[in-house]
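Undergrad: As given, the protein sequences belong to chains Z and E, one line each in that order. All residue numbers for the first sequence refer to UniProt numbering, where the first residue is 1 and numbers rise by one. All residue numbers for the second sequence refer to UniProt numbering, where the first residue is 1 and numbers rise by one. Got a structure for you, questions after.
There are 2 protein chains.
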Amino acid sequence: MADTKADLDRVLATVDADLDASLERLFALLAIPSISTDPAYKAECRRAGQWLVEDLEGLGFTAKLNETPGHPVVTARSEGGAPRRVMFYGHYDVQPVDPLELWNTPPFEAQLVTAEDGRKRIVARGSADDKGQIMTFIEACRAWKKVAGALPVEVTLMLEGEEESGSLNLPPFVAANREALAADLALVCDTGMWDRETPAITVSLRGLMHEEIVVHCADRDLHSGYYGGAAQNPLHVIAKIIADVHDADGRVTIPGFYDNVRETPDEVKQQWAGLGMTAENFLGPIGLSVPSGEKDRMLIELVSSRPTFEVNGMWGGYTGAGSKTVIPSIATAKISCRLVADQDPLHVRDVVRAFIKARIPADCRVEFRGGEGSRAVAVSHDSPDLGKAAQALADEWGKAPFTIGAGGSIPIVGHFKKQLGQDSLLVGFSLDDDRIHSPNEKYDLTSFHKGIRSWARILHALAN
Amino acid sequence: MADTKADLDRVLATVDADLDASLERLFALLAIPSISTDPAYKAECRRAGQWLVEDLEGLGFTAKLNETPGHPVVTARSEGGAPRRVMFYGHYDVQPVDPLELWNTPPFEAQLVTAEDGRKRIVARGSADDKGQIMTFIEACRAWKKVAGALPVEVTLMLEGEEESGSLNLPPFVAANREALAADLALVCDTGMWDRETPAITVSLRGLMHEEIVVHCADRDLHSGYYGGAAQNPLHVIAKIIADVHDADGRVTIPGFYDNVRETPDEVKQQWAGLGMTAENFLGPIGLSVPSGEKDRMLIELVSSRPTFEVNGMWGGYTGAGSKTVIPSIATAKISCRLVADQDPLHVRDVVRAFIKARIPADCRVEFRGGEGSRAVAVSHDSPDLGKAAQALADEWGKAPFTIGAGGSIPIVGHFKKQLGQDSLLVGFSLDDDRIHSPNEKYDLTSFHKGIRSWARILHALAN
């Protein structure tokens, strides 16, 4: 097996030389409308999976389409005798394309478009999320195979077809296939760059606990003229609960809410402080200017390394035109908590419920619906693999990657840790303006090209 | 003109003797489906008004149907030379009858039904609200005319056809007909008894100020994974506002909210204390047990003589099935304040708006829609007419009437004071179980019979 520095240089040269062929393959995959949420596209989802199986078999992987109660999962294994194995995760399904009339080009006819600033972009549904990203990895493997005949590390791929519809069948699939998916490390390519010039490694993903809260007061809607001032109003009760959750400094007051929350290491905070995330550049584009969260935290902490409590929906009483002097019998709120570090979703659910119950008047009651959750994912900031990947990215981009926390959640990453014992290395090349989930989704040609080169380097680095 | 005690006795005897004929006339009026909110019944509303004009003309009144942009207003005047004049108000329109399948008998075919407890009830839409009540007054006039040839006091009637649809055209009608409607006192028969044995005079009606509040934060809906913890959530902002409105003792904290609120006289409070309104008997039937309002007030004060602030509707964000981790851009609440005594709706609107504005984050904004209002109506507790009516009711029922405050609002009563300079005497005979606005509306035969006798006595009493 040859994974020397000389090999890497030849691999990178091959990536450059074969870019047009790589693009052709990506365009073929992008042409398949694998919309997982719409039953009408069930056969197309299967066709996208089958396309990947055939492409990976062509690369020498042992690949198959695994049935699930939903769309199939693609798995593929290399067997070349390398000293360690990594497991790559991505998804081949895409979001729906509505509203179609807002697309400038047909969503499943990928185009290479030159933007006004001269940059080339691959425009198609799935270009950035996530077909373009998974093909950066597969093309890197292809170049290694072509140049060296083998990969620097053994690779297992698991490509699902239900990420956009909630990955419902993936956790049981992972649990049932522990042996086949065994590896030292998971690689995930479904995240973004810090900006066009700066690569990023996502070292934490927030977890999520969500819950629907229903406050019941009187057993029927009441006339406010007759009962106003005497009968409990569930809209007042639920407003009081929500208002009590945060203190004047933006801190969550629920006892136990911050249990097990780890402090971000000082050196990471120092690095974050240098990233230049300001209220002006982060909140300005959405019409806001003042961060709403904990006053003693940097903005970047608020959106990545701190837990949150948010109301996502709330309703009750009369919501039509004009006025109706009713005191409703129930009020409802949908809440969600972003979780960090070692927070246990069930513990958070319990302390949230206790906090709410303590605020329900004696003659009223509360009902909880949901209370599901996923743990946050945190990669140790000083793992050797992280350092290797960081160096590989620095070599490619001429700039050290930022290690960032992502505010969102990729619940499956928690399952990799829990079911497979694998830490995840999250590296991706999408940009903030890629319009994922929206019309005219695009992936910069640079993201694709340098993304392939980045993975070629990372595979090399992880072997050494 | 004869209005001696002997005349009254003969009038009451006539009422008793003619009860069947009185019922027949009421049933004829109840047979007309004068549903004012449904344009399909426009002609029927007119027919009900016309029926009343003809009936009143038959009694010697000068009656007419007055056009408005909506349904016509019936007016009628007696001219017999009595020393003073009163103006009686009621309405001939009724609520819709849906759901029709819940009626045990056709809603516009009035029936005299004997209930399980042996009491006789007039069952029909409008029996209690308000055709049965206005006919108690008209039949009392009829008996006086029959016995004495004249009324003890001159009477003007104004019977509208749009009370159930908001009385939109009545205030301008009143303003345009000040001379024709001139009188010493307004009589209103659209309220209820305290209970089956105890008559009541309603001495106050709460006013109303209602408003829709829209809180705007970001200029678009946000993903809570990306912005959660940093971007203002309008659902949190509106919850905080609502929560701040009441302190732990149930008192409204809005500065200026209680300006001009008059304290109920001690003697009235003492009377109220004896009425036996308890949390158990008032809140028990609706599934509650603990009064929610000001802790240092009697329950009866809370629902009649104290101002309130209630949220009637509130909504924002995702309200569908499952969860969606959105931070919405706007949140809305519909609020209403019941007003008492000398509270000015515009002042209350202003202090409420100032309170809300002070709680809007610097980078968010609030929009107010509505802010309309009507003043409360309070009758002096020691007016001579009130005392006369109270004695008349005590003579009829064998029990002194309770002078009560009604929690609801009858805005037109405010216009009588403002436009016509008339205090209102609110006497009615409906009962809590009359199911007004619901299927199987009824009016006890006792309410009708003794209601006629009561008005016969009151007309006599007001002349002396």
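For each residue, glycine too, the CB sits at the ideal point set by N, CA and C.
1) Thinking just about the alpha-carbon of each residue, which of Z/Val366, Z/Asn312 and Z/Thr308 is nearest to the one in Z/Gln343?
2) Any idea what DSSP makes of Z/Cys337, helix, strand or coil?
3) Flag this pair as touching only if the region 387-405 of chain Z and the region 199-213 of chain Z have three or more C-beta atom pairs under 8 Å; answer yes or no.
4) Can you name the start and end residues of the alpha helix (DSSP H) that Z/Arg10 belongs to?
5) Please report whether the beta-carbon of Z/Val290 lies at a distance below 8 Å from any beta-carbon of chain E.
6) According to DSSP, what are the bridge partners of E/Gly373?
7) Go through the UniProt domain "Peptidase M20 dimerisation" (204-362) of chain Z residue by residue and report every complete run of the beta strand (DSSP E) that reaches 3 residues or more, in order.
8) For chain E, is any of its Cβ atoms less than 8 Å away from the one on Z/Ser127?
9) What's the C-alpha gap between Z/Trp315 and Z/Cys217?
10) Applying the 10 Å Cβ sphere with the 16-neighbour rule, what's the burial state of E/Ser438?
11) Tell whether a beta-carbon distance below 8 Å holds between E/Arg152 and E/Ala463.
12) Could you name the residues that DSSP lists as bridge partners for Z/Phe416?
13) Can you give the Cα-Cα distance for Z/Glu294 and Z/Arg251, rounded to whole angstroms?
14) So, using beta-carbon positions, are E/Leu12 and E/Arg453 closer together than 8 Å?
15) Mind the definition here: the region 320-337 of chain Z touches the region 168-177 of chain Z only if three or more C-beta pairs lie below 8 Å; say whether that holds.
16) In or out: Z/Asp3 buried (at least 16 other Cβ within 10 Å) or exposed?
17) Determine the closest residue to residue 497 of chain E out of E/Tyr92, E/Glu116 and E/Gly126, with distance taken between C-alpha atoms.
18) In angstroms with no decimal places, state the Cα-to-Cα distance between E/Arg241 and E/Phe448.
19) Please list, in chain order, all residues of the same chain as E/Val261 whose beta carbon is under 7 Å from its beta carbon, the five residues on each side excluded.
20) If the cut is a Cβ gap below 7 Å, which residues of chain E does Z/Glu310 touch?
21) On the three-state DSSP scale, how would you describe E/Met193?
22) For E/Asp444 versus E/Arg25, is the C-beta distance shorter than 8 Å?
23) In its own chain, which residues sit with a C-beta less than 7 Å from the C-beta of E/Trp144, not counting the 5 before and 5 after it?
24) Alpha helix (DSSP H) containing E/Gln111: first to last residue?
25) Taking DSSP as the reference, what is the three-state secondary structure of Z/Asp130?
26) Grab the span of the beta strand (DSSP E) containing E/Phe88 for me, first residue to last.
27) Look up Z/Lys64 in the DSSP assignment and say whether it is helix, strand or coil.
28) Are E/Val123 and E/Thr105 closer than 8 Å when you measure CB to CB?
29) Going straight from the alpha carbon of Z/Ile327 to that of Z/His223, what length do you get?
30) Alpha carbon to alpha carbon, what distance is there between E/Leu208 and E/Asp259?
31) Please state whether the Cβ-Cβ distance between E/Arg206 and E/Gly408 is less than 8 Å.
32) Of the residues Z/Thr264, Z/Val15, Z/Gly313 and Z/Asp219, which one's Cα is nearest the Cα of E/Asn233?
33) For Z/Asp195, I'd like the list of residues in its chain whose CB is within less than 7 Å of its CB, leaving aside the five on either flank, ordered along the chain.
34) Determine the direct distance from the alpha carbon of Z/Arg353 to that of E/Val417, and round the result to whole angstroms.
35) Give the straight-line distance between the Cα atoms of Z/Leu8 and Z/Gln419, rounded to the nearest whole angstrom.
36) Thinking E/Glu372 and E/His210 are a contact (beta carbons under 8 Å), I'd like their distance in whole angstroms, please.
TA: Taking the structure as given:
1) If you number the first sequence from 1, residue 343 of chain Z lands on position 343. Taking Z/Gln343 as reference, the option from Z/Val366, Z/Asn312 and Z/Thr308 with the minimal CA-CA separation is Z/Thr308.
2) Start at 1 with the first residue of the first sequence, and residue 337 of chain Z comes out as number 337. Collapsing the DSSP output to three states places Z/Cys337 in a strand.
3) As far as the Cβ criterion goes, the region 387-405 of chain Z touches the region 199-213 of chain Z, which means the pair count is three or higher.
4) The residue given as residue 10 of chain Z occupies position 10 in the first sequence. For Z/Arg10, the enclosing alpha helix (DSSP H) stretches over residues Lys5 to Ala17.
5) As a position in the first sequence, residue 290 of chain Z is number 290, starting the count at 1. At least one chain E Cβ lies under 8 Å of Z/Val290.
6) Along the second sequence, one-based indexing puts residue 373 of chain E at 373. Per DSSP, the beta-bridge partners of E/Gly373 are E/Met209.
7) Within the UniProt domain "Peptidase M20 dimerisation" (204-362) of chain Z, the complete beta strand (DSSP E) runs of at least 3 residues are 207-216, 308-317 and 330-339.
8) If you number the first sequence from 1, residue 127 of chain Z lands on position 127. Output row for Z/Ser127: interface = no.
9) As a working mapping, residue 315 of chain Z is identified with position 315 in the first sequence. As a working mapping, residue 217 of chain Z is identified with position 217 in the first sequence. One C-alpha to the other measures close to 15 Å.
10) If you number the second sequence from 1, residue 438 of chain E lands on position 438. Here E/Ser438 is exposed. Its C-beta has fewer than 16 other C-beta atoms within 10 Å.
11) Indexing the second sequence from 1 puts residue 152 of chain E at position 152. Indexing the second sequence from 1 puts residue 463 of chain E at position 463. Per the sequence shown, the amino acid found at residue 152 of chain E is Pro instead of Arg. A contact, by the Cβ cut-off of 8 Å.
12) On the first sequence, residue 416 of chain Z is found 416 positions in, with the first residue counted as 1. BP columns for Z/Phe416 are empty, so no partner.
13) As a first step, residue 294 of chain Z must be located in the first sequence, where it is residue number 294. As a first step, residue 251 of chain Z must be located in the first sequence, where it is residue number 251. Computed Cα separation, rounded: 5 Å.
14) Numbered from 1 along the second sequence, position 12 holds the residue referred to as residue 12 of chain E. Numbered from 1 along the second sequence, position 453 holds the residue referred to as residue 453 of chain E. Closer than 8 Å, so yes.
15) Cβ pair count under 8 Å is below three, so no.
16) The sequence position of residue 3 of chain Z within the first sequence is 3, counting from 1. In this prediction, Z/Asp3 has a pLDDT of 48, which is less than 50 and means its spatial position is unreliable; what the coordinates show is noted afterwards. The Cβ neighbour count for Z/Asp3, taken over all protein chains shown within 10 Å, is at least 16; the residue is labelled buried.
17) Not covered by the structure: residue 497 of chain E. The range shown for chain E is 1 to 464.
18) Position 241 of the second sequence, counted from the first residue, corresponds to residue 241 of chain E. Position 448 of the second sequence, counted from the first residue, corresponds to residue 448 of chain E. Checking the displayed sequence, the identity of residue 241 of chain E turns out to be Ile instead of Arg. Using only the alpha carbons, I get a separation of about 48 Å.
19) For this step, residue 261 of chain E is matched to residue 261 along the second sequence. These residues qualify, in order along the chain: Pro307, Val340, Ala341 and Gln343.
20) Mapped onto the first sequence, residue 310 of chain Z falls at position 310. Against chain E, the beta carbon of Z/Glu310 has neighbours under 7 Å at Ser224, Gly228, Asn233 and Ile327, listed in chain order.
21) Working through the second sequence from its first residue, we reach residue 193 of chain E at position 193. Coil.
22) Taking the first residue of the second sequence as position 1, residue 444 of chain E is located at position 444. Taking the first residue of the second sequence as position 1, residue 25 of chain E is located at position 25. No; because the gap between Cβ atoms is not below 8 Å, this pair is not in contact.
23) Counted from its first residue, the second sequence places residue 144 of chain E at position 144. Contacts found: Val11, Leu151, Pro152, Ala456 and Leu459.
24) Position 111 of the second sequence, counted from the start, is the residue given in the question as residue 111 of chain E. No alpha helix (DSSP H) contains E/Gln111, which is instead part of the beta strand (DSSP E) from Gln111 to Thr114.
25) One-based indexing of the first sequence puts residue 130 of chain Z at position 130. Coil.
26) Position 88 of the second sequence holds residue 88 of chain E. Start and end: Arg85 to His91.
27) Numbered from its first residue, the first sequence carries residue 64 of chain Z at position 64. It is a strand residue.
28) Residue numbering aside, residue 123 of chain E sits at position 123 when the second sequence is read from its first letter. Residue numbering aside, residue 105 of chain E sits at position 105 when the second sequence is read from its first letter. In contact: E/Val123 and E/Thr105 (Cβ atoms closer than 8 Å).
29) Stepping through the first sequence from its first residue, residue 327 of chain Z is reached at position 327. Stepping through the first sequence from its first residue, residue 223 of chain Z is reached at position 223. When rounded, the separation of the alpha-carbon atoms in Z/Ile327 and Z/His223 is 6 Å.
30) Within the second sequence, residue 259 of chain E is the residue found at index 259, counting from 1. Within the second sequence, residue 208 of chain E is the residue found at index 208, counting from 1. So the two alpha carbons sit approximately 15 Å from each other.
31) The residue you call residue 206 of chain E lines up with position 206 of the second sequence. The residue you call residue 408 of chain E lines up with position 408 of the second sequence. In contact: E/Arg206 and E/Gly408 (Cβ atoms closer than 8 Å).
32) Position 233 of the second sequence, counting from 1, holds the residue named residue 233 of chain E. Measuring from the Cα of E/Asn233, the nearest candidate turns out to be Z/Gly313.
33) Numbered from 1 along the first sequence, position 195 holds the residue referred to as residue 195 of chain Z. Cβ contact annotation for Z/Asp195 (same chain, cutoff 7 Å, sequence separation greater than five): none.
34) The residue labelled residue 417 of chain E in the question sits at position 417 within the second sequence. The residue labelled residue 353 of chain Z in the question sits at position 353 within the first sequence. Position check: residue 417 of chain E holds Lys in this sequence, whereas Val was assumed. Between the C-alpha atoms of E/Lys417 and Z/Arg353 there is a straight-line separation of about 52 Å.
35) The count along the first sequence starts at 1 and reaches residue 8 of chain Z at position 8. The count along the first sequence starts at 1 and reaches residue 419 of chain Z at position 419. Going by the C-alpha atoms only, they are around 33 Å apart.
36) As a working mapping, residue 372 of chain E is identified with position 372 in the second sequence. As a working mapping, residue 210 of chain E is identified with position 210 in the second sequence. Taking C-beta atoms under 8 Å as the contact rule, E/Glu372 and E/His210 qualify, at a distance of about 6 Å.
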